[in-house]
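In mature numbering (1 follows the signal peptide of the UniProt record, and there is no 0), the protein residues as written are -25 to -1, 1 to 558.
Here's the structure, in structure tokens; my notes come after.
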Amino acid sequence: MVSCTRTLSVQLLHLLHCYLNGSTSRWEEERYTDGVKWKFLEHKGPVFAPPYEPLPSRVKFYYDGKHMKLSPEAEEVATFFAKMLDHEYTTKDIFRKNFFKDWRKEMTAEEKSTITDLKKCNFTEMAEYFKAQSEARKAMTKEEKLKIKEENERLLQEYGFCIMDNHRERIANFRIEPPGLFRGRGDHPKMGMLKRRIRPQDIIINCSKDSKHPQPPPGTKWKEVRHDNKVTWLVSWTENIQGSIKYIMLNPSSRIKGEKDWQKYETARRLKKCVDRIRNQYREDWKSKEMRIRQRAVALYFIDKLALRAGNEKEEGETADTVGCCSLRVEHIKLYPEKDGQEYVVEFDFLGKDSIRYYNQVPVEKRVFKNLQLFMENKEPDDDLFDRLNTSVLNKHLQELMDGLTAKVFRTYNASITLQQQLKELTNADDNIPAKILSYNRANRAVAILCNHQRAPPKTFEKSMQNLQTKIDAKKDQLADAKRELKSAKADAKVRKDEKTKKCVKKAVQRIEEQLMKLEVQATDREENKQIALGTSKLNYLDPRISVAWSKKWGIPIEKIYNKTQREKFAWAIDMAEDDYEF
DNA sequence: AACTATACTTAGGAAGAAAATT
DNA sequence: AATTTTCTTCCTAAGTATAGTT
């Protein structure tokens, strides 16, 4: 693994060198220019979900109060519902309707004619059975748990790795998704539908011709085995809810993902060099006589200033109703010529990716404001705000402004530049390590807020906050005691020349003060983090070299910033960046 | 220009493991 | 040793983007 990292970093440094010199390496040509992603790929194929185990006969299902033995097919789908019984999902009309419709498809003719009303179905014995099972799992002995752990490890070693071009690489998701009920996010029209079991004949294998091909389970066949080295996936299948393709790909620690990640940040850095030009350009375009150009320019302004997502069109009725910049509708913004003492305020209120609410009040330039008024004229609330624009048009324009530029690059660029600038601003040279880490988290938080990365407040948040406060209070008492002791020790020292005790007590006071500060910092950090998720930006938007450089500059161990997985993902950056790295 | 198919990144929550506390 | 709390990993949905087709 060490040599893996070493090789990767050497390759990347070589690439960087070529990049700086404007030359193209043979290696780069191979990897990027002709779209070849690998030369050799060997793997064992996916791990399938365990087969369905019928319920013991004592666990009964009742319809309209009467016991009913279900066919295995119908029973399996019933258990999916039973397992979710205490989840809010199962109370929702759409969920129930979708579930019931799909469940009926799995029933025998007889079952179908009897079971006509979901309300008359009693799943409680099943639900209790599964609860008991999970209790039993928790109560297993150490030996039993160890056995399971070992079996998992064996599976990981056999199926969790592949060979790609001389390296043994970790696979991200080598287990096939088990069947169950689809749980969409937000108001999803397909929630509750049956996600069917994936069989070998649904699976497409991708590997190199000259590799040992993965074998399907005895008595089965793959749908197809192909040898496409222009793509990175190892296994794919078509999922039945949206009809989209799912893939098995490599772990973020792999060469192929690391390189791509590095490339992403290099593109963002190229944007840094020309962003002023682009900003001047779109400001000019606000005045264009062509409406489509004005719309493009205002949308780009939002994407740049507010880090909004591009906003592809979505098929109506297939997914939850969410939007991004280009798909904003009139109903999603409100214009205030004046609000709270500010001029030209735009209020955004819409559901974005994962149905996370975006709410923001932003003062904008007069020209933007006037344009928005124009775009909204004579439109209904559910009309598109930018009716002459879509992501494809916008990206084509961006491509002309800079090679490789797309809407999402602005998010990466603004996130990373914000981190760098916030770190500069917030880090105090004479702070201790915990205080510096608090500063880091605050810089990270500024980015998370910009990108609107939210989380549900943890269920136990209030309580854990209280516990921390109790600790702080106790520490304060302890400090007061220690200080009193110090006072008397000082007095004693004068009278009895007892310097030793005095020094000792002084040290204790200092130690307690430090502990108290640490706790207080922790409380601040946690409070500020209540509804904000730092992980997403850390993992996907922040050039890791900024963090590596910061940690080197201030002598903060990198382990305080990145956990093991993150260090594996960012191995390239940890190897590459010095303390003076500039994004 | 619209539509479809494909491949890949980004996302929040659940589950599981580890650490801290009682 | 048991329980609670916190951190990490897993899971898979939901985006972005582009190429090919009509």
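Glycine is no exception: its CB is placed at the ideal position from the N, C-alpha and C atoms.
- Counting of Cβ neighbours within 10 angstroms places TYR334 among the exposed residues, the total staying below 16.
- With 16 or more other Cβ atoms inside 10 Å of its own Cβ, ARG284 counts as buried.
- A direct Cα-to-Cα measurement between THR387 and ALA243 gives close to 6 Å.
- Within a 10 Å sphere around the beta-carbon of VAL384 sit 16 or more other beta-carbons, which makes this residue buried.
- Spatial neighbours of LYS309 in its own chain (CB-CB distance under 8 Å, excluding positions within 5 residues in sequence) are listed in chain order as VAL321, GLU322 and ASP324.
- A contact between stretches requires three or more CB pairs, one per stretch, nearer than 8 Å, and the region 216 to 225 fails this requirement with the region 40 to 51.
- Straight-line measurement puts the Cα of ASN427 at about 22 Å from the Cα of PHE361.
- Under the three-state reduction of DSSP output, TRP212 falls in the strand class.
- Between the region 516 to 530 and the region 412 to 422, the count of Cβ pairs shorter than 8 Å is three or higher; the stretches touch.
- The region 138 to 147 makes contact with the region 225 to 242, as at least three CB pairs between them are under 8 Å.
- Counting the other CB atoms within 10 Å of its CB gives HIS163 a total of 16 or more, which places it among the buried residues.
- In the DSSP secondary-structure assignment, TYR37 is bridged to HIS42 and ASN97.
- Pairwise C-beta distances place the region 258 to 272 in contact with the region 341 to 360, as three or more of them are shorter than 8 Å.
- When the five nearest sequence neighbours on each side are left out, the beta carbons in the same chain lying within less than 6 Å of the beta carbon of GLN336 are those of VAL320 and GLU322, in order along the chain.
- Here HIS372 is buried. Its C-beta has 16 or more other C-beta atoms within 10 Å.
- Judged by beta-carbon spacing, LEU443 lies beyond the 8 Å limit of ALA404, meaning their Cβ atoms are not closer than that value.
- MET440: not part of any beta strand (DSSP E); member of the alpha helix (DSSP H) spanning 436 to 471, first to last residue.
- Contact check for ILE151 and LEU225: beta-carbon distance about 17 Å, past the 8 Å limit, so the pair fails to qualify.
- Non-local C-beta neighbours of LYS446 in its own chain, meaning closer than 7 Å and more than five positions away in sequence, comprise LEU494, ordered along the chain.
- Within the same chain, PHE98 and ALA102 come within 7 Å of LEU60 by CB-CB distance, once the 5 residues on both sides are set aside.
- Distance from the CA of GLU288 to the CA of ASP296, rounded to the nearest whole angstrom, comes to 11 Å.
- Counting only runs of 3 or more residues that sit fully inside the region 307 to 341, the beta strand (DSSP E) segments are 308 to 314, 317 to 326 and 332 to 338, in chain order.
- Secondary structure note for MET139: its beta strand (DSSP E) is the uninterrupted segment 136 to 139.
- For GLU17, the closest C-alpha among the options ARG143, SER32 and SER109 is that of ARG143.
- Secondary structure note for VAL200: its beta strand (DSSP E) is the uninterrupted segment 199 to 201.
- ILE90 sits in coil when the DSSP states are folded into three classes, being neither helix nor strand.
- The beta-bridge partner set that DSSP reports for TYR222 consists of SER211.
- Following the DSSP letters along the chain, one finds GLU375 inside the alpha helix (DSSP H) bounded by residues 366 to 376.
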